[in-house]
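Protein sequences appear in the order of chains R and Y.
Residues in the first sequence are numbered from 4 upward in steps of one, following our numbering.
Residues in the second sequence are numbered from 2 upward in steps of one, following our numbering.
Cβ atoms here follow ideal geometry from the backbone N, Cα and C, with glycine treated the same way.
Report on the structure given below.
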Amino acid sequence: DQQVKQNSPSLSVQEGRISILNCDYTNSMFDYFLWYKKYPAEGPTFLISISSIKDKNEDGRFTVFLNKSAKHLSLHIVPSQPGDSAVYFCAAKSDSNYQLIWGAGTKLIIKP
Amino acid sequence: EPEVTQTPSHQVTQMGQEVILRCVPISNHLYFYWYRQILGQKVEFLVSFYNNEISEKSEIFDDQFSVERPDGSNFTLKIRSTKLEDSAMYFCANRRLYGSEQYFGPGTRLTVT
Numbered sequence: 004d005q006q007v008k009q010n011s012p013s014l015s016v017q018e019g020r021i022s023i024l025n026c027d028y029t030n031s032m033f034d035y036f037l038w039y040k041k042y043p044a045e046g047p048t049f050l051i052s053i054s055s056i057k058d059k060n061e062d063g064r065f066t067v068f069l070n071k072s073a074k075h076l077s078l079h080i081v082p083s084q085p086g087d088s089a090v091y092f093c094a095a096k097s098d099s100n101y102q103l104i105w106g107a108g109t110k111l112i113i114k115p
Numbered sequence: 002e003p004e005v006t007q008t009p010s011h012q013v014t015q016m017g018q019e020v021i022l023r024c025v026p027i028s029n030h031l032y033f034y035w036y037r038q039i040l041g042q043k044v045e046f047l048v049s050f051y052n053n054e055i056s057e058k059s060e061i062f063d064d065q066f067s068v069e070r071p072d073g074s075n076f077t078l079k080i081r082s083t084k085l086e087d088s089a090m091y092f093c094a095n096r097r098l099y100g101s102e103q104y105f106g107p108g109t110r111l112t113v114t
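Right under this line is the structure:
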């Protein structure tokens, strides 16, 4: 049951360029979406989120876009930095409960 | 900045043994969660806990699992009789009463042999 899908297991981007991480979902009851970053041997770190009533949320170098009609969201990181190399997880919750449903993650590699 | 802490960082146990994983949440957070991630797989929800009660649990969270807040600060996950397939990273998370962002601990790596 893949309600949240991250179809790219890995992504390689040149330092200074834009990184775009994608996420698709199937459950129309999801009302809140979150991006987490995870380094090896550490817990997920909250990065940025967006409510379903918005289509964009920006925080410094990170911007999340939500396209509800396409059930698609994306995380943009610009400019990409070496410290951004990590696994990025998309997660979603519905208004009826607070558990997070996770994507499989995308490993982002920033090349110098 | 307050952090979620978890102990131990790594636990090795024999099949059939009981384990208790501990978490100290951020102090003003009132919702608590346990998730696990089997190596190479997705992060999976196990259970959520609020006001000293389980509010949601997944199919994974069967009778072998239990949670409690024994002293009002620690939040524990107990696995009564571990199986090989319980080997995973276990993450504790918590959030404020009003808010959707969950904050995670560093995880406990459980290895069942």
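Asked                                                                                                                                                                                    : Found
I need the boundaries of the beta strand (DSSP E) containing Arg64 of chain R, first residue and last residue.                                                                           : Here Arg64 of chain R belongs to no beta strand (DSSP E), and DSSP marks it neither H nor E.
Distance check for Gln38 of chain Y and Arg20 of chain R, CA to CA, integer angstroms please.                                                                                            : 31 Å
With contact counted as at least three CB pairs below 8 Å, one residue from each stretch, are the stretch 39-51 of chain R and the stretch 84-92 of chain R in contact?                  : yes
Hey, how far is the Cα of Pro82 of chain R from the Cα of Ser22 of chain R?                                                                                                              : 8 Å
Would you check if there are 3 or more beta carbon pairs closer than 8 Å linking the stretch 96-106 of chain R to the stretch 74-88 of chain R?                                          : no
Tell me whether the beta-carbon of Val68 of chain Y lies closer than 8 Å to the beta-carbon of Val44 of chain Y.                                                                         : no
Give me, in chain order, the residues of the same chain whose beta-carbon lies closer than 7 Å to that of Arg23 of chain Y; leave out the 5 immediate sequence neighbours on both sides. : Gln7, Thr8, Asn75 and Thr77
Taking the straight line between their C-alpha atoms, what separation do you get for Phe92 of chain Y and Ser72 of chain R?                                                              : 33 Å
Grouping DSSP H, G and I as helix and E and B as strand, with all else coil, what is Glu69 of chain Y?                                                                                   : strand
Expressed to the nearest angstrom, what Euclidean distance is found between the alpha-carbon atoms of Ser31 of chain R and Lys74 of chain R?                                             : 8 Å
At which residue ranges does the stretch 53-105 of chain R contain complete beta strand (DSSP E) runs of 3 or more residues, listed in the order of the chain?                           : 59-62, 65-70, 75-80 and 89-97
Below 8 Å on C-beta distance, what does Gln102 of chain R contact in chain Y?                                                                                                            : Tyr34, Phe46, Ser49, Glu57 and Ser59
Per DSSP, what kind of secondary structure is Leu111 of chain R in: helix, strand or coil?                                                                                               : strand
Determine, using beta carbons only, whether Phe92 of chain Y comes closer than 8 Å to chain R.                                                                                           : yes
Within a Cβ cutoff of 8 Å, which residues of the same chain sit near Ala94 of chain Y, ignoring the five residues on either side of it in sequence?                                      : Val5, Phe33, Tyr34, Trp35, Tyr36, Gln103, Tyr104, Phe105 and Gly106
Using a 10 Å radius around the Cβ and a threshold of 16 neighbouring Cβ atoms, would you call Met16 of chain Y buried or exposed?                                                        : exposed
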